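Protein chains in written order, with our numbering: chain A, 373 to 729; chain B, -17 to 318; chain C, 3 to 276; chain D, 4 to 272. Built from N, CA and C at the ideal position, the CB exists for glycine as well. Computed from a predicted model, the values in this text were never measured in an experiment. Okay, structure first, notes after.
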Amino acid sequence: MTAVQPQPPVQDGVEVGTTATTAVKGHSRVPWRFLTGRAAFYLFTLWAAITINFFLPRMMKGDAVDQYLSRNRNVSPEAADALRALLGLDTDKSLLQQYVDYWALLLRGDLGVSLLHGLRPVTEVISQALPWTVGLVGFATVVSFAIGTIGGAVVGWRRGSRLDGLIPVTTFLSTIPYFWLGLLAIALFSVNLGWFPIGKAYGVGMTPQWSAEFIGQVIHHGTLPAATIVIASLGGWMLGMRNMMLTVLDEDYVMVAQAKGMPNRRVLWRYAARNAVLPQIQSFALSIGFIVGGTIVMEMVFSYPGVGKLLLDATNAKDYALMQGVFLVITLSVLVANILADVAYAFLDPRTRQTEA
Amino acid sequence: MTTDLRTQPAPAPTTQRVPRPTTTVRTRLGSAFAMFRNRKSITGLVILGFFVLVAAFADVLAPYSPTQVDNTARFQPPSAEHWLGTTHLGEDVLSQVIHGTRGVIVVGFLAAIIATVIAVVIGVIAGYLRGWRSESLSALTNVFLVIPGLPLIIIVASLFDDPPLIVIAAVLGLTGWAWGARVLRAQTMSLRNRDFVQAARANGEPLRRIIGMEMLPNLMALIAASFVGTVTAAILALTTLSYIGVIPVNTYNWGTILNWASAQGAFRQNQWWWFLPPGLCIAAIGVALSLINFGIDEYVNPRLRSAGERARAMKKRGLDVNDAVTAVRTTTKDDA
Amino acid sequence: MRDALLTVRDFSVTYDVDPPVEAVKDVTLELRRGEILGLAGESGCGKTTLAYGLQRLLKAPAVITGGSVVFHDRSGEDVDVARLDAEQMRRFRWDKISMVFQGAMNALNPVAPIGAQLEDVFEVHRPGMSRAERREAAAELLDIVKVGRQRLRSFPHELSGGMRQRVMIAMALALRPQLMVMDEPTTALDVLVQREILRQISQLRHEFGFTVVFITHDLPLLLEISDRIAIMRAGEIVELDTAERIWTNPQDEYTKTLLSSFPRLTGDRGVVVR
Amino acid sequence: MTVLEFDRVTKTYSVRGAGQIKALDDVTFTLRSGQTIGLVGQSGSGKSTIARILTQLETPTSGQVRLDGQPIPRHGAGLRAYRQQLRMVFQDPFASLNPYHSIRYHLERPLRLDAVVPKAGLDDEVRRLLERVRLEPDAVIDRRPHELSGGQRQRVAIARALASRPRLLVADEPVSMLDVSIRLGVLNLLADLGREEGLGVLYITHDLATARHFSDEIIVLNQGRIVESGPADDVILRPQDPYTRQLRAASPDPEKHFASASGAHGGAL
């Protein structure tokens, strides 16, 4: 959301004098050093997220399981114990022991059971919702990034033209909360114009299947939420890319390309945009968490059956196991998206393949 | 005497020498606010100032109490009595929006202050230190960047039965400092190696002076930008949380109004006077903050400003900055 | 006397800002085929503007406000550079006049292998060449400048400063241009590397017979390598003569000042001003 | 008489993935007040490392730096006293002055830090310093660095270095970023100041010609080692070491060129 440009990565190498140029030795085609560094970082982040997750329910008061058990008698004692272990309610154990048990459960893929969904395993509940979120948010984010980046490259290249007017417009759209834009879209396109259904991922009475009709329904239902996400998040990418382009256009190699008699189109894409996109990918990686956080609210607005709606429902029902599970899964997805962005970066920027800084 | 064609001396402050303390204070203040001295920043500051005043004088400005129920006037479109109409309970929407400003401004600024303090401390330290200490602070920053903030805030907020605004601001601040810290770290790292910092070290300046007097002044624009950015993010997060209903709906802010409007089906019944104003207010304050940041951005990186403006100025002279071929303008005008 | 390659008459470039800056004023000079013309002057004197202006490489607000630049092609055709449209200009560049740029560090695209950047030139200017022919031509160029064809797939950051500058020279050589404009090609390099590169340029010039415009502020260097030297100051050529006469018998006061700014390596000690 | 001894100093850096790199290898020399030593070498030769060790921005891996026979204290008042004795002029006058502060601030700081003059005398002392580097005090004192030309800035940097009345000055490529026609002016200023105050100057450069003209002795550095040292004219005119000879042969020398080429000009290229 900030209009501040991400700084180009600062090489934190060892300085050998002020004028000295560091020698560069061989390189491998696969940027192992870069990738192992990132892998260590992701493992650390994963650990941090899981640990946060461990402490979250331990901050609340009262025993949710007891409350639940008093309402539902057909719960096996084992299930209740497992639930307590996950939620940190087995207070007779030390915190460390609880932490170890928690990890043991996680490693077995056991995220507990959802009180809200009739004690079904949390993993099962989430795995039904996840594809919808990945499909909607993932698709919309990638589309928005692509349009914003390509648009920003063109706007930056044709600086001073009428295209400059796009920047304030998209920035305005990105200062509006997602949910409000979504609600407006529903009011306008669904209620008044009737072009799109009001919510949900597919029509009532349909069962998910690989049929043309069903897919059509999904697209019809998904258009409005996806379009809203794209419109609301486009501005940041466009502004970032445009600013990067302005910086890159002053670089010598762009001037060289023009002196070489390269056609404009080639200079724009192969020389200028190709370099300007690198910081853009880095900020993409770091912004995914922010974007995903913002977009899950869209699922509530559009009653979309994804993990965002799951999280909000769980929050309202105080279903802690589900909340924890959803948070973990969202974090994991963000990490995976980050890794993909990093790998893309590593292959787009040959400098990461350097064996020596 | 030395001559240099590249720098023309500015209009001489030396000919009319003012007493020294004044000069120093004035130049200091002048340079501290230089980043806001452009049209975009000033427009943004004016809009922001308007909202701050509304928040401060909400009690005086609002025609009704935000919770005053009037059963005879439900779902009223705008009228002379109710400029922005009424809600399902006959509450005055305008009064709600005016009172709602307070929560938004307070939380936005409080969260941004918390986040900026953390960002400056972590960012500058991580930028000044070297080796594993710097790396681990940087890793910590990135963890906070990567972990999705809003879901975490939703969960944390749901742990409280009735979270006061202070707590909300604190949570937003604690989760929102990372981007600023990252930008500040990068800038500090580049400052640390500048010759003037090395010169200060070689002169034996103590560390606190190097950071406080040599580096911080050069980081001010970035700190301001990161502050403004965090205010934007905090306001968006606050209104989102209120809309979801995680934050109790009895303390008014714009998100709460939208929560009620949505719950009562205002969006489906075209009661635009209820849902448009709060949303537009969020957008207006967002635009104000972006304008401020555009201004700061262009101050930090003059290329950004010059790009558009210069290009348009050139166009007036019949030149195209994108032209890869130098224009020819001979006096005879026989070709172009 | 050798025949002319480029005739520049009353050439002026103005930066159209407020107030307008006349960066190059009424420059007239004739570049002879096969010579090395040194262009000397301090920063801001207009030497780079002149060199870039010759092939209309300057961006707005720069405007060519007068004069003509005529290129006498090997084929006998005369090209008035000012009358070329954008597409003709694009084809003209690099094919007839190529450049070696100041910062070898930034002149190469950091994300593309140097081989691809060399092939780029052929792809655009010699569309008839096959992929294999392009690859071979690029490899050959790297061999010629002694970087070696095994470096085709290297990226700029993997090469030393000297190597990068050689790659730039190879690129400038690609289409066998008749004129090479060299803008401070060795300023950022160490003396030993600089000397090697100069030697190489000299050798290539003998082999391929191109003309060189060599821009630098390093007058002693220019005196050694140029046939003729033009001294520029504030957008004007204040003196243009053979290197030897500039050294032994400078006419202009500014030329004398500039000469006296360089202490002599082996001459009398302490006597800095001639 | 102040004597600085650089005694068998070695400095190694560990570089990720490349092991140890020796920036300085067993370097020994002595700098006395009133004397100018030219330190000549190519980039990566270790000249900047020497400057950084002298200003205590780095510490040697082995060996010792002594001032008047005393090793340099690592911190505290002793280090401050040492730094007061030795000051540095940086290469880039655009970067060595803080854009945020006025010229007055830049010159007052060392005066205050080392309590050179009483507070009441600060203004006068700043003006005196500016005059000493041939700048008009009124014209520059309340300006910011970006309002001055490169040459003016470098003069301010020299004034700052002189403020604490040091005995030794390290000048790291002080003119390489300046315009050609003002370089000699700055170098002459340094030489004059050195002579007037009896300063010991370490002039670090890659330019053999100015090194010869402005130094009493020259040290040639190659890959962290001293390959040759001696009186300036001896080293430049009668180089013994093959590396020094190479350097000299590569440096432009129109005098010799026109003497040998006599008529057949353009032969070098």
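Supposed close pair residue i, residue j - CB separation, criterion 8 Å
i: W256/B; j: G85/B; result: About 18 Å; that fails the 8 Å criterion.
i: I239/B; j: W159/B; result: Not confirmed; about 29 Å, so no contact.
i: F216/C; j: L224/C; result: 7 Å
i: E44/C; j: S184/D; result: 6 Å
Chain D contact residues for residue i, given Cβ-Cβ distances below 8 Å
i: D279/B; result: Those within 8 Å of D279/B in chain D number zero; the least Cβ separation is about 18 Å.
Residues that residue i contacts on chain C, provided the C-beta gap is smaller than 7 Å
i: R299/B; result: D18
i: L407/A; result: Neighbours of L407/A on chain C: none; closest Cβ ~18 Å, over 7 Å.
i: V628/A; result: F103, A109
i: D182/D; result: E44, S45
Residue i: contacting residues in chain B (beta-carbon distance under 8 Å)
i: P169/D; result: Within chain B, no residue comes near P169/D; the closest Cβ sits about 10 Å away, beyond 8 Å.
i: A88/C; result: D305, A306, V307
i: D95/D; result: D177
i: R531/A; result: A289, G290, A293, V303, N304
Residue i, enclosing beta strand (DSSP E) - first and last residue
i: A98/D; result: Unbroken run through A98/D: none, as it is neither H nor E.
i: D185/C; result: 181 to 185
i: N273/D; result: This structure does not reach residue 273/D, given that chain D is present from 4 up to 272, and the question cannot be answered.
i: I229/D; result: 228 to 234
i: V69/D; result: With the sequence shown as reference, residue 69/D is identified as Arg, and Val is not the correct amino acid for it. 65 to 70 is the extent of the beta strand (DSSP E) around R69/D.
Residue j beta carbon less than 8 Å from that of residue i
i: P187/C; j: Q167/C; result: yes
i: V81/C; j: D75/C; result: yes
i: D219/D; j: A194/D; result: no
i: V23/C; j: T16/C; result: yes
i: A693/A; j: V494/A; result: yes
i: V485/A; j: L491/A; result: yes
i: A216/B; j: G90/B; result: yes
i: I731/A; j: V673/A; result: No information on residue 731/A is available, as it lies outside the stretch 373 to 729 that chain A covers here.
i: G66/D; j: N225/D; result: no
i: V12/D; j: V30/D; result: yes
i: M627/A; j: G528/A; result: no
i: R151/C; j: D145/C; result: yes
i: A141/C; j: L154/C; result: yes
i: F568/A; j: T595/A; result: yes
i: L120/C; j: M184/C; result: no
Chain-ordered chain C contacts of residue i [CB-CB under 9 Å]
i: R311/B; result: T16, D18, V65, I66, T67, G68
Amino acids of chain D, ordered along the chain, whose beta-carbon sits closer than 9 Å to that of residue i
i: N200/B; result: N101, P102, Y103
i: E196/B; result: N101, Y103, H104
Residue i: contacting residues in chain B (beta-carbon distance under 7 Å)
i: A62/C; result: M296, L301, D302, V303, D305, A309
Where the alpha helix (DSSP H) containing residue i begins and where it ends
i: A139/B; result: 131 to 141
i: G680/A; result: 679 to 689
i: Q23/D; result: No alpha helix (DSSP H) contains Q23/D, which is instead part of the beta strand (DSSP E) from 22 to 35.
i: L119/B; result: 113 to 128
i: G594/A; result: 584 to 621
i: S23/B; result: 21 to 38
i: G661/A; result: 646 to 673
i: M321/B; result: Outside the shown range of chain B (-17 to 318) lies residue 321/B, about which nothing can therefore be said.
i: H209/D; result: That residue, H209/D, is in no alpha helix (DSSP H); it is neither H nor E in DSSP.
Min CB distance residue i to chain E below 8 Å
i: L221/C; result: The chain inventory of the structure shown lacks chain E, comprising the protein chains A, B, C and D.
Residues that residue i contacts on chain D, provided the C-beta gap is smaller than 7 Å
i: F124/C; result: Per Cβ cutoff of 7 Å: no residues; F124/C is ~28 Å from chain D at best.
Contact the segment 39 to 52 of chain B vs the segment 75 to 91 of chain B: 3+ CB pairs below 8 Å: In short, these stretches touch, since the Cβ pair count reaches three.
Inter-stretch contact (C-beta, 8 Å, three-pair minimum) for the segment 695 to 708 of chain A and the segment 639 to 656 of chain A: Too few Cβ pairs lie closer than 8 Å, so no.
Three CB pairs or more closer than 8 Å across the segment 79 to 98 of chain D and the segment 140 to 159 of chain D: The answer is yes - the segment 140 to 159 of chain D touches the segment 79 to 98 of chain D, with three or more Cβ pairs under 8 Å.
The segment 290 to 302 of chain B contacting the segment 532 to 541 of chain A, beta-carbon criterion three pairs below 8 Å: Counting Cβ pairs under 8 Å, three or more are found: they touch.
Inter-stretch contact at 8 Å, needing at least 3 Cβ pairs: the segment 111 to 129 of chain C / the segment 711 to 724 of chain A: Yes, the segment 111 to 129 of chain C touches the segment 711 to 724 of chain A.
Stretch-stretch touch, CB-based, cutoff 8 Å, three pairs: the segment 138 to 149 of chain D with the segment 171 to 187 of chain D: No, the segment 138 to 149 of chain D is not in contact with the segment 171 to 187 of chain D.
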